[in-house]
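**Q** One gets the working numbering by counting positions in the sequence shown from 1 and adding 34 to each.
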Amino acid sequence: MPDTPDLDKKTPGTAFLSVPGGERANAETRLSRLSGYLTPIDAFYVRNHSPTPTIDAASWRLRLEGDGLERAVTLSLGDLQTLPRTTRIRAIECAGNARTFFERDYGRLAGNAQWQRGAIGVAEWTGVRLADVLAVAGLRSDAVDVLPEGLDADRFSRPLPVDKALADDTLIALSMNGEPLPADHGFPARLVVGGWLGAASVKWLGRIEVARRRLYTHWNTRDYTLAGPDYPAQAPADGIPVTVMPVMSFIELDWPARLPAGPTRLHGRAFSGEGRVVQVAVSIDDGPWQDATLGDINQPAAWVCWSLPWQPEPGHHNIRVRATDEKGQTQPDSVPWNDHGVLYNAVLAHPVEVV
Ligand SMILES: Nc1nc2c(c(=O)[nH]1)N[C@H]1C(S)=C(S)[C@@H](COP(=O)(O)O)O[C@H]1N2
Ligand SMILES: [Mo]
35 MPDTPDLDKK TPGTAFLSVP GGERANAETR LSRLSGYLTP IDAFYVRNHS PTPTIDAASW
95 RLRLEGDGLE RAVTLSLGDL QTLPRTTRIR AIECAGNART FFERDYGRLA GNAQWQRGAI
155 GVAEWTGVRL ADVLAVAGLR SDAVDVLPEG LDADRFSRPL PVDKALADDT LIALSMNGEP
215 LPADHGFPAR LVVGGWLGAA SVKWLGRIEV ARRRLYTHWN TRDYTLAGPD YPAQAPADGI
275 PVTVMPVMSF IELDWPARLP AGPTRLHGRA FSGEGRVVQV AVSIDDGPWQ DATLGDINQP
335 AAWVCWSLPW QPEPGHHNIR VRATDEKGQT QPDSVPWNDH GVLYNAVLAH PVEVV
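#1: Count the C-beta pairs between the stretch 84-92 and the stretch 214-221 that are closer than 8 Å, then say yes if the count reaches three, no if not.
#2: Check whether chain C comes within 8 Å of PRO118, counting only Cβ atoms and requiring the distance to be less than that.
#3: For ARG81, is the beta carbon positioned less than 7 Å from some heavy atom of ligand 2?
#4: Here's the rule: buried if 16 or more other CB atoms are within 10 angstroms of the residue's CB, otherwise exposed. What is THR204?
#5: Under 7 Å from any heavy atom of ligand 1, does the C-beta of VAL226 make it?
#6: Within its chain, find whatever has a CB closer than 7 Å to the CB of ASP367; leave out the 5 residues flanking it on each side and keep chain order.
#7: What whole-angstrom Cβ distance do VAL355 and VAL316 have, given they're in contact under 8 Å?
#8: Look up TYR140 in the DSSP assignment and say whether it is helix, strand or coil.
#9: When the distance is taken between beta carbons, is ARG133 closer than 8 Å to GLY145?
#10: What does DSSP give as the partner residue(s) for PHE305 in the beta ladder?
#11: Taking the C-alpha atoms as reference points, what is the distance between GLY307 and GLU99?
#12: Just verifying my parser: in three-state terms, what is the DSSP assignment at TRP337?
#13: Look up TYR258 in the DSSP assignment and give the residues it is bridged to.
#14: Closer than 7 Å to a non-hydrogen atom of ligand 1 - does that hold for the CB of LYS237?
#15: Alpha carbons only, please: which of LEU200, ASN332, SER341 is nearest the one belonging to ILE123?
#16: Reducing DSSP to helix, strand and coil, say where SER66 ends up.
#17: Reducing DSSP to helix, strand and coil, say where ASP359 ends up.
#18: Just list the residues that DSSP pairs GLN324 with in beta bridges.
#19: For GLY349, I'd like the list of residues in its chain whose CB is within less than 7 Å of its CB, leaving aside the five on either flank, ordered along the chain.
#20: Give me whichever residues DSSP pairs with SER209 in a beta bridge.
#21: Do the stretch 337-346 and the stretch 110-120 touch if we need at least three Cβ pairs shorter than 8 Å?
#22: Return the first residue and the last residue of the beta strand (DSSP E) that LEU225 is part of.
#23: For LEU194, which of VAL236, TYR265, ARG95 has the nearest alpha-carbon?
#24: Between the alpha carbons of VAL369 and TYR378, how many angstroms are there, rounded?
#25: Helix, strand or coil, according to DSSP, for VAL276 in the structure here?
#26: In chain order, what residues of the same chain lie with their CB nearer than 7 Å to the CB of GLY152, ignoring the 5 residues before and after it?
#27: Around the Cβ of GLU104, are there at least 16 other Cβ atoms within 10 angstroms (buried) or fewer (exposed)?
#28: Just tell me which of PRO118, LEU168, ARG256, ARG310 has its CA closest to the CA of THR364.
#29: Starting from LEU111, follow the alpha helix (DSSP H) in both directions and report where the run begins and ends.
#30: Let me check you understand the geometry: is the CB of GLY229 closer than 7 Å to at least one non-hydrogen atom of ligand 2?
#31: Can you give me the start and stop residues for the alpha helix (DSSP H) that ASP197 sits inside?
#32: Does the stretch 240-248 touch the stretch 172-188, meaning 3 or more C-beta pairs lie closer than 8 Å?
#33: Give every residue of the same chain whose Cβ lies closer than 6 Å to the Cβ of LEU117, excluding the five residues on either side of it in the sequence, and list them in chain order.
#34: Taking DSSP's pairing of strands, which residues face SER52 in a bridge?
#35: Using the DSSP secondary-structure output, state which residues sit across from TYR265 in a beta bridge.
#36: Could you check where the beta strand (DSSP E) with PRO370 kicks off and where it finishes?
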C-alpha cells in the first residue's frame, strides 16, 4: 500500500514537466512520452491545491451526512469493498489545461498554475458507484447537491448536482490501472466524474455532504468558473461554474518539437467530455485539412488516439490538429479571455523543426 507521497520523485524532463505559478506541487504529463492507450501511473499529471496527505487505510473513514440523506453513516474501506465493484476507463482533465496559451494570446497571465498541454490523463478506475454509496445512507428524493470533501489541508471540495452524482459512471475509485490508488491520486478513495473538469474528481475523500439546497465552495464560486467580461456571473459565483470539458486534441510531441528528416507518423490524442470524438483533422503549414486515422478504443469521456503519416522536408513547420465530437462540436480557432484561465481548447499551431 502506498503511504508516502511520491510527487518529489516526479523529475521534470522525463515523464513530467514542471508547472510554473502553481501554489503547490503540480506536475504535468510529458505528452511526447505517452505510448499505450492508458496514461501510466508514473506519468499521470498531478494537481494538488495542498500537499499530498498521508492517510492510513485501516483508520480511514468516509462520513456521509446532510439533510439530503435519511441518516448519517460512517463507512470504512472494508464497508466500501462489500458494495458491487465497477471498472471504467475515464479521462481526468484539469479545467486549466493549456492555460499558458491565454498569456501567449492576450499578453497577461490568467489564473495560477500555468499548464501547457499535459494536465490530462486517462486511466482505468475501479471502485464503487457513488450512487450505491449514497443509497447506504438513504438518498432523499428532494436532495439537490452532493458535496465530496477531501482530507487535504485545504479540505478541497466541489459540489455536484444529484443527477451527475447518480450517473452510472460516477465512481468512488479505490484503484487506478489495477494498482491501489497512489497517494498523489487520492489514496485510499477518490471520486471519478466522467467528462467533467478534474476538480470534480475530489481526491482523498473523507466526507460527503448531501443537501436539499444548492451548495457553494471556493472551487465553484471563485475558481473553476468562466469569469470575466464575456461571462455573466451566476451569483454567488463570480462567473459560470465549469462542468463538462470541451473537445480538445494534442500531438504527442514536445513543444516545440525537433524531428529528424524522413518519413514519419504523427501521433496524438483527442478528447471531449460531451461524447466520443468522431473526427480528427490535421493541417500542415496551412495546407488542406486531412483526416487522421482514429484508434480502435473510442469511448465516451476518454480520449481516442489518432495518427497520420507525414514526410516532412527539413525546416520549420506548423502542425494544426482539430477534433470534432459526436455532438458536432469542433475546436475553435481562438478562445475568449477568462480571468481564471479555464477551458482553453483552441486549435494550436504546433511548432516542429525538422533537421
Ligand atoms: N482533495 C483534492 N482533490 C482534488 C484536488 C485537490 O487539490 N484536492 N485537485 C483537483 C483538480 S483541480 C484536478 S485537475 C484533479 C487532478 O487529479 P490528479 O492529480 O489525480 O491528476 O484532482 C482534483 N481533486
Ligand atoms: Mo484542476
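Here a beta-carbon is modelled for each residue, glycine too, at the ideal position from N, C-alpha and C.
Bear in mind the structure is a predicted one, so any value in this text is a computation, not a measurement.
**A** This is what the structure holds:
#1: By the Cβ test, the stretch 84-92 is in contact with the stretch 214-221, since at least three Cβ pairs between them sit closer than 8 Å.
#2: Considering every chain present, this structure includes no chain C. It has just one protein chain.
#3: Set against 7 Å, the gap from the CB of ARG81 to the closest heavy atom of ligand 2 is smaller.
#4: Counting Cβ neighbours within 10 Å, THR204 comes out buried, since at least 16 surround it.
#5: Not under cutoff, so the answer is no.
#6: Setting aside the 5 residues that flank it on each side, ASP367 is surrounded in the same chain by ALA380, VAL381, each with a C-beta closer than 7 Å to its C-beta; the list follows chain order.
#7: Right, their Cβ atoms sit about 5 Å apart.
#8: In this structure, TYR140 counts as helix in the three-state DSSP scheme.
#9: In contact: GLY145 and ARG133 (Cβ atoms closer than 8 Å).
#10: Secondary-structure assignment with DSSP links PHE305 through a beta bridge to MET282.
#11: When rounded, the distance between both Cα atoms is 30 Å.
#12: Here TRP337 sits in coil by DSSP.
#13: None; TYR258 has no bridge partner.
#14: Yes, Cβ of LYS237 sits closer than 7 Å to a heavy atom of ligand 1.
#15: Minimum Cα distance to ILE123 is reached at ASN332.
#16: In the three-state scheme derived from DSSP, where H, G and I count as helix and E and B as strand, SER66 is classed as helix.
#17: Note: ASP359 maps to strand in three-state DSSP.
#18: GLN324 has VAL316 as its beta-bridge partners, per DSSP.
#19: Within the same chain, GLY349 has close Cβ partners VAL388.
#20: Answer is THR160, PRO214, bridged to SER209.
#21: As far as the Cβ criterion goes, the stretch 337-346 does not touch the stretch 110-120, which means the pair count is below three.
#22: Per DSSP, LEU225 belongs to the beta strand (DSSP E) from 224-227.
#23: Nearest C-alpha to LEU194: VAL236.
#24: Going from the Cα of VAL369 to the Cα of TYR378 covers about 6 Å.
#25: Coil.
#26: LEU51, GLU62, THR63, ARG64, LEU65, TYR79, listed in sequence order.
#27: Looking at its Cβ environment, which holds fewer than 16 other Cβ atoms inside 10 Å, GLU104 is exposed.
#28: When each option's Cα is compared against that of THR364, the closest is ARG310.
#29: Where LEU111 is concerned, the enclosing alpha helix (DSSP H) stretches over 111-115.
#30: Set against 7 Å, the gap from the CB of GLY229 to the closest heavy atom of ligand 2 is not smaller.
#31: Note, ASP197: alpha helix (DSSP H), 196-199.
#32: The stretch 172-188 makes contact with the stretch 240-248, as at least three CB pairs between them are under 8 Å.
#33: So the list reads VAL162, ASP166, once near-sequence residues are dropped.
#34: Paired residues: ALA61.
#35: Answer by DSSP bridge pairing, in chain order: GLY262.
#36: No beta strand (DSSP E) contains PRO370, which DSSP labels as neither H nor E.
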